[in-house]
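Okay, so here's the structure we're looking at.
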Amino acid sequence: MSQGTLAYASIETADIEWRDGQPVSRRFGDVYFSRDNGLEETRHVFLNQNNLGSRFSALQSGECFVVGETGFGTGLNFLATWHAFLAQAPADAHLHFVSVERFPLTRDDLAAALNLWPELAAQAGQLLAVYPPPVPGSHRLVMAESRIRLTLYLGDALEALEELDFTADAWFLDGFAPACNPELWEPSLVQQIRAHSRAGSTLATFTAAGRIRRALADAGFRVERVPGYGPKRDMTSGSLAPESTGKRSSERPQDRSVLVVGAGIAGCLLARNLAQRGIRVVVADQAQAPGAGASGNPQGALYAKLGVQFNAQTRLALGSLLFAQRFYPAVTPHAWHGTGLLMMASSDQERARQDKFLAGNHYPSSILKPVDESGASDLTGIPCPDGGLWFPDSGWLEPPKVCALLLDHPHIQPVFGFRATRLLPCNNHWCLSGEGQQDLMADDVVLAAGHEVRKLMPVAGEYRMKPIRGQITRLPLEQLTVSPRAVVTGNRYLNPPLGNTLVTGATFDLRDPDPQERRDSHLENLEALQTMVPGLLRTPAEALEKATGRVAFRCTTHDYQPVVGPLVNDRKEVLEGAWLLTGFGSKGLMWGPLMAEYLADRICGQPVALPHSLMRRVDPARCLAKTPNRLP
Numbered sequence: 055m056s057q058g059t060l061a062y063a064s065i066e067t068a069d070i071e072w073r074d075g076q077p078v079s080r081r082f083g084d085v086y087f088s089r090d091n092g093l094e095e096t097r098h099v100f101l102n103q104n105n106l107g108s109r110f111s112a113l114q115s116g117e118c119f120v121v122g123e124t125g126f127g128t129g130l131n132f133l134a135t136w137h138a139f140l141a142q143a144p145a146d147a148h149l150h151f152v153s154v155e156r157f158p159l160t161r162d163d164l165a166a167a168l169n170l171w172p173e174l175a176a177q178a179g180q181l182l183a184v185y186p187p188p189v190p191g192s193h194r195l196v197m198a199e200s201r202i203r204l205t206l207y208l209g210d211a212l213e214a215l216e217e218l219d220f221t222a223d224a225w226f227l228d229g230f231a232p233a234c235n236p237e238l239w240e241p242s243l244v245q246q247i248r249a250h251s252r253a254g255s256t257l258a259t260f261t262a263a264g265r266i267r268r269a270l271a272d273a274g275f276r277v278e279r280v281p282g283y284g285p286k287r288d289m290t291s292g293s294l295a296p297e298s299t300g301k302r303s304s305e306r307p308q309d310r311s312v313l314v315v316g317a318g319i320a321g322c323l324l325a326r327n328l329a330q331r332g333i334r335v336v337v338a339d340q341a342q343a344p345g346a347g348a349s350g351n352p353q354g355a356l357y358a359k360l361g362v363q364f365n366a367q368t369r370l371a372l373g374s375l376l377f378a379q380r381f382y383p384a385v386t387p388h389a390w391h392g393t394g395l396l397m398m399a400s401s402d403q404e405r406a407r408q409d410k411f412l413a414g415n416h417y418p419s420s421i422l423k424p425v426d427e428s429g430a431s432d433l434t435g436i437p438c439p440d441g442g443l444w445f446p447d448s449g450w451l452e453p454p455k456v457c458a459l460l461l462d463h464p465h466i467q468p469v470f471g472f473r474a475t476r477l478l479p480c481n482n483h484w485c486l487s488g489e490g491q492q493d494l495m496a497d498d499v500v501l502a503a504g505h506e507v508r509k510l511m512p513v514a515g516e517y518r519m520k521p522i523r524g525q526i527t528r529l530p531l532e533q534l535t536v537s538p539r540a541v542v543t544g545n546r547y548l549n550p551p552l553g554n555t556l557v558t559g560a561t562f563d564l565r566d567p568d569p570q571e572r573r574d575s576h577l578e579n580l581e582a583l584q585t586m587v588p589g590l591l592r593t594p595a596e597a598l599e600k601a602t603g604r605v606a607f608r609c610t611t612h613d614y615q616p617v618v619g620p621l622v623n624d625r626k627e628v629l630e631g632a633w634l635l636t637g638f639g640s641k642g643l644m645w646g647p648l649m650a651e652y653l654a655d656r657i658c659g660q661p662v663a664l665p666h667s668l669m670r671r672v673d674p675a676r677c678l679a680k681t682p683n684r685l686p
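Here's what the structure looks like:
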C-alpha cells in the first residue's frame with residue numbers, strides 16, 4: 055500500500071449520480087451497467103463468455119472455483135456469479151471471488167443499486183450485511199454458510215494484485231471503459247493478471263479495443279473478438295493455453311485430514327473453519343472440555359487498541375477486529391453480546407494518545423467515534439469521568455460457550471483428556487502421541503495450544519514466545535452502585551453482567567508462573583477499577599471479600615503479534631504439513647477469527663485472506679531467536 059493511502063484509515067467512496075433510477079459515476083461519466091438490462095449484460099459478457107455454467111457443473115465435490123475481477127462496482131457481477139454457482143455447482147463446492155475497487159460505493163448507494171434486481175435479493179441481503187466500511191486494503195467476507203467467499207480489496211488494482219495471493223480460474227476484466235480509466239489497462243496490470251492465472255484460465259471484458267487485445271495477447275492469452283451485448287457490437291474473450299504454466303486453484307478438501315492440538319478459541323475457530331470447507335478435523339486437548347485454558351474466562355471483551363499510525367500493525371489489528379465483528383454474530387450468536395464498547399481515556403497518557411490518534415486519522419464513524427464524558431456515560435450506563443473512543447459494533451462474548459458451539463459440527467471429532475507428549479512425522483503423516491492413549495495421525499497438524507506449543511514443536515532453536523499470567527476478578531452485581539450496559543476498557547476492562555455477576559481484569563503478570571488465584575491480584579484489579587470509574591464499587595473492602603476469579607496464561611511474542619503459518623526449524627526450513635496458530639496474547643477473541651481464516655486458506659491452497667504485507671507480520675519465522683553462526 056502506498057504511503058499516500060496510509061495517511062487515513064478511510065478511502066474515498068464513489069460519487070454517484072442517479073439518472074432515471076440508474077447509478078452513474080460522476081468521476082468517470084459512465085454507467086455502472088447497461089440501462090437496458092444490467093443483469094443480462096453481466097450474464098452475457100462475463101458468465102457466458104467464461105463458460106461458467108458448464109464449468110460450475112463440472113466441479114468435483116468440495117472443489118473451489120476462483121474468479122478474479124478488476125472492478126467490483128455495484129457488486130452485480132459477484133451476485134450474478136453467486137446466483138449461478140448455487141444453481142449449477144455441486145452442493146459442497148465453494149466459490150471464491152477476488153475483486154478490487156478504488157472508489158467503493160457507500161452501503162446506502164450499494165443497497166439502492168442492488169434493489170434493481172429482485173431475483174438477487176437473497177444474495178444482496180447477505181452482501182449488505184457484511185459489506186465493509188470504506189477502509190483501504192483487503193477485506194474478507196464469508197457468506198452462504200461458508201460456501202461463498204469474497205476478498206474485496208479497496209484500493210488500486212495494481213496494488214491489489216501485487217499484494218494478494220490467489221490463482222484465478224476465470225477473470226472479469228471490468229471497470230469503466232479504457233478511455234475513462236486508462237490506468238486499469240497498464241501493461242504491468244495485465245502482467246499481474248497473467249501471473250494470477252492458472253493454466254486454462256479464461257477472461258472476458260466489455261472492451262474490444264485493439265490495444266487491450268494486444269496487451270492481453272502479449273501476456274500469453276489467446277484472445278478473440280466476440281459479439282457484445284445490446285448496442286455494444288463487440289467485446290473480448292480469451293484464455294490461457296492448458297499447457298501454460300500455472301497451478302490449480304485448490305485441492306479437494308475431502309482428501310485431507312487435519313489434527314488441531316488445543317481446544318481453546320484459536321483451535322476451535324480453525325477447526326470450524328476447516329470443517330465448513332469439507333475437511334475432517336480431530337481436535338485434541340488435555341482438558342475435559344473446550345475453552346478450559348486462557349479461553350475459559352466466563353466473559354471476554356472484543357476490542358483492539360489501534361495504533362496512532364495507520365501502518366501495517368494497525369491494519370492487521372483493524373482487519374481482525376472488523377472480521378471478528380462480522381463473524382461472531384453470524385456463527386455464534388447465542389454467545390455474542392453486541393453492546394458496544396468504550397475505550398476510555400482514563401489517564402493523561404491515554405488521553406494524549408487518543409488525541410494524537412484522532413488528529414492523525416480519519417476513521418469511518420461506523421468503526422469508532424470520539425465521545426465526551428456525557429456521551430460516554432449515556433452509552434455505557436455508568437458515570438464516566440472521562441470520554442474516549444466508542445466502538446459501536448464491539449461487545450463481549452462467553453468464550454467457553456463460543457468454543458463449544460464452534461466444535462458442534464459433523465466434520466469435527468473432539469478428543470478430550472489427551473495429554474500430548476510427542477509430535478513426529480510418520481509415513482507422510484503427522485503422529486501425536488499421548489500418555490497411555492492411542493496415537494492420533496493426520497495429513498496436517500496445527501499447534502494451537504497457546505504457550506504449551508513449544509513443548510511439542512519438533513524443532514531445535516528458540517522461539518520468542520512467552521506465557522503471561524492473567525487473573526480476572528468476578529464480582530456479584532450487588533457490589534456495584536450501577537450496572538454497565540456496555541463494555542468499558544481503560545486501566546482494566548469491565549463487562550456488563552452475565553446473570554448476577556460480571557468480570558473485570560485482568561492482571562498482566564510477567565515472569566509469574568503461579569497458577570493459583572490470589573487475593574493480591576483481586577486487590578490490584580479492584581484498585582484499578584476504582585481509579586478508572588470512581589465510586590462504582592459500593593464498598594471496596596466488601597467487594598474484595600466477595601471476589602472470585604481464575605488464572606490463565608496467555609501466550610504472547612516478542613513483538614505482540616500473532617504467530618500463524620508453517621512451522622519452521624532453526625534454519626528457517628519449513629516442516630511440510632505442520633502449522634502454528636498461537637501468540638494471541640490477551641486479544642484472542644479479536645485475533646482468532648481472521649487468523650483462523652487465513653491459516654485455513656493456506657492449508658486448503660485457496661485465496662489467502664491476508665495481503666503479503668500483513669502475512670509478514672504473523673510469519674512464525676520472525677519469532678526464531680538469532681543464533682550464533684553454525685560451525686561447518
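Residue numbers (the numbering used here): 55 to 686.
Ideal Cβ placement from N, Cα and C applies to all residues, glycine included.
Please read these numbers as outputs of a predicted model, since none were measured by experiment.
Proximity of residue i and residue j at Cβ, strictly below 7 angstroms
i	j	result
Phe-470	Asp-568	no
Leu-534	Leu-590	yes
Leu-206	His-193	yes
Met-700	Val-557	No answer is possible for residue 700: it lies beyond the span of the chain, which begins at 55 and ends at 686.
Phe-110	Ala-145	no
Ser-291	Ala-258	yes
Cys-322	Cys-457	yes
Asp-228	Gly-116	no
Nearest candidate by alpha-carbon position, reference residue i, set the options
i	options	result
His-388	Pro-464, Pro-454, Ser-349	Pro-454
Ala-348	Arg-369, Gln-525, Leu-218, Arg-161	Gln-525
Arg-592	Val-536, Val-605, Tyr-283	Val-536
Leu-106	Gly-116, Asp-84, Phe-132	Phe-132
Ser-293	Ala-222, Pro-281, Glu-240	Ala-222
Ala-176	Ala-138, Pro-187, His-612	Ala-138
Ala-571	Phe-377, Thr-602, Pro-588	Going by the sequence as given, residue 571 is Glu instead of Ala. Looking at the Cα atoms, Thr-602 is the closest of the given residues.
Phe-364	Gly-316, Thr-386, His-416, Phe-562	His-416
Pro-247	Phe-260, Thr-261, Phe-226	For the record, residue 247 in the displayed sequence is Ile; it is not Pro. Here the closest residue by C-alpha is Phe-226.
Ser-251	Leu-140, Phe-220, Gly-515	Phe-220
Ala-346	Ala-355, Arg-369, Ala-317	Ala-317
His-612	Ala-582, Ala-679, Ala-214	Ala-679
Ala-675	Gly-642, Gln-615, Gln-330	Gln-615
Ala-595	Asn-579, Val-605, Glu-427, Met-586	Asn-579
Lys-509	Pro-77, Val-335, Ala-178, Thr-475	Thr-475
Gly-414	Ser-400, Gly-361, Val-456, Thr-393	Gly-361
Leu-370	Arg-380, Ala-358, Gly-488	Ala-358
Thr-128	Asn-104, Arg-161, Pro-296	Arg-161
Pro-551	Leu-486, Ser-400, Gly-354	Gly-354
CB contact below 7 angstroms: residue i versus chain D
i	result
Trp-633	Absent from the structure is chain D; it holds one protein chain and no more.
Start and end residues, beta strand (DSSP E) containing residue i
i	result
Val-469	466 to 470
Trp-484	483 to 488
Ile-65	Counting along the chain, Ile-65 falls outside any beta strand (DSSP E), and DSSP gives it neither H nor E.
Gly-257	Here the sequence assigns Leu to residue 257, which means Gly is not the residue at that position. That run of the beta strand (DSSP E) goes 251 to 259.
Inter-residue CB distance, residue i and residue j (contact presumed, cutoff 8 angstroms)
i	j	result
Ser-431	Leu-395	About 15 angstroms; that fails the 8 angstroms criterion.
Gly-92	Leu-130	6 angstroms
Pro-661	Val-120	6 angstroms
Leu-243	Leu-212	5 angstroms
Leu-218	Pro-665	6 angstroms
Leu-204	Ser-374	So it is not a contact: roughly 17 angstroms between Cβ atoms.
Val-336	Ala-496	6 angstroms
Leu-486	Leu-621	Wrong, their Cβ atoms sit about 14 angstroms apart, outside the cutoff.
Coil, strand or helix - residue i by DSSP
i	result
Ser-420	coil
Asp-568	coil
Glu-516	coil
Leu-685	Only weak support is given to the placement of Leu-685: the predicted model assigns it a pLDDT of 36, under 50, and the question is left unresolved by the model.
Leu-159	coil
Tyr-382	helix
Ile-197	One point to set straight first is that residue 197 is Met, not Ile, in the sequence displayed. It is a strand residue.
Leu-140	helix
Leu-182	helix
His-612	coil
Ile-436	coil
Span of the alpha helix (DSSP H) around residue i
i	result
Gly-92	92 to 96
Ser-111	106 to 111
Gln-491	It is not in any alpha helix (DSSP H) - Gln-491 instead sits in the beta strand (DSSP E) that spans 491 to 496.
beta-carbon residue i near the ligand FAD non-hydrogen atom, thresh 6 angstroms
i	result
Phe-100	The ligand FAD is not part of the structure shown, which contains no ligands of any sort.
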